[in-house]
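If you're matching positions, the sequence shown starts at 0 in numbering that gives the first Met the number 0 and goes up one per residue.
Each residue gets a CB set at the ideal place from its N, CA and C atoms; glycine is no exception.
A short write-up of the structure that comes next.
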Amino acid sequence: MIVRRLDEIEDSERDVRAPTFASRRFLLAADGVGFSFHDTILHPGSVTSMWYRHHVEAVYCIEGEGELTDLESGASHHIEPGVFYVLDGHERHELKALTQLRMVCVFTPPLTGAEVHGDDGSYPILDPPREVS
Ligand code: 9YT
0 MIVRRLDEIE DSERDVRAPT FASRRFLLAA DGVGFSFHDT ILHPGSVTSM WYRHHVEAVY
60 CIEGEGELTD LESGASHHIE PGVFYVLDGH ERHELKALTQ LRMVCVFTPP LTGAEVHGDD
120 GSYPILDPPR EVS
């Protein structure tokens, strides 16, 4: 069993900062469970363009208001607590944080912790993985 607390992760190597968000990673590839699990804060007013070509991401909003746009279909969805989405088709998408958003995110395959968003908004598959303990 793995038990972790957010306050242990904050300001550690598992607290990854990007220009538009902070991602607190409870589970990474090194934990060996087959997915990674993140508590992500998106900053108010930010817009994040993403395209997870190599991963499937599931996302559940637990705080804030935002707008999710599928950049392939053009469809937009209001995001608020209780809304869930999964990029099961690896869709290019954009998430606008109207207020601070707090999202619980699961990635498969799991992130190693060393990925950064590429110019296209994807995370690479790292081979060999550089894992954060
Ligand atoms: C929903 C969202 O914030 N996705 C981008 C960041 C990703 N969740 C991460 O790296 O934690």
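### Task
Starting from D6, follow the alpha helix (DSSP H) in both directions and report where the run begins and ends.
Within the sequence shown, the letter at position 7 stands for residue 6. 5 to 8 is the extent of the alpha helix (DSSP H) around D6.
### Task
Along the beta strand (DSSP E) that carries A137, what are the first and last residues, could you check?
Any question about residue 137 goes unanswered here, given that the chain covers just 0 to 132.
### Message
Below 8 Å, how does it come out for the region 73 to 93 and the region 24 to 37: are there three or more Cβ pairs, yes or no?
### Response
no
### Candidates R3, L41, S75, Y122: closest to R24 by CA position
Residue numbering aside, residue 24 sits at position 25 when the sequence shown is read from its first letter. That would be R3, whose Cα lies nearest to the Cα of R24.
#### Entry: Limits of the unbroken beta strand (DSSP E) element including M49
Looking up residue 49 in the sequence shown gives position 50. 46 to 49 is the extent of the beta strand (DSSP E) around M49.
### Message
Please report the straight-line C-alpha distance between S45 and R16, rounded to a whole angstrom.
### Response
Here residue 45 refers to the residue found at position 46 when the sequence shown is read from its first residue. Here residue 16 refers to the residue found at position 17 when the sequence shown is read from its first residue. Roughly 14 Å between the two C-alpha positions.
### Query
What are the partner residues of S75, as DSSP defines its beta bridges?
Counting from one through the sequence shown, the residue named residue 75 turns up at place 76. Paired residues: T68.
### Query
When you compare only the Cα positions, how much space is there between H42 and S75?
Within the sequence shown, residue 42 is the residue found at index 43, counting from 1. Within the sequence shown, residue 75 is the residue found at index 76, counting from 1. Cα to Cα, the separation comes out at about 19 Å.
### Near the ligand 9YT: H37 beta-carbon under 8 Å from a heavy atom
As a working note, residue 37 is residue 38 in the sequence shown. Yes; taking the cut-off as 8 Å, the Cβ of H37 has a heavy atom of the ligand 9YT nearer than that.
### Query
Got a sec, what are the start and stop residues for the beta strand (DSSP E) D38 sits in?
As a first step, residue 38 is located in the sequence shown; it is residue number 39 there, counting from the start. Residues 35 to 41.
### Message
Just verifying my parser: in three-state terms, what is the DSSP assignment at A96?
### Response
Looking up residue 96 in the sequence shown gives position 97. DSSP places A96 in strand when its eight states are reduced to three.
### Message
Would R101 and E62 be called neighbours here (beta carbons separated by less than 9 Å)?
### Response
Looking up residue 101 in the sequence shown gives position 102. Looking up residue 62 in the sequence shown gives position 63. Yes.
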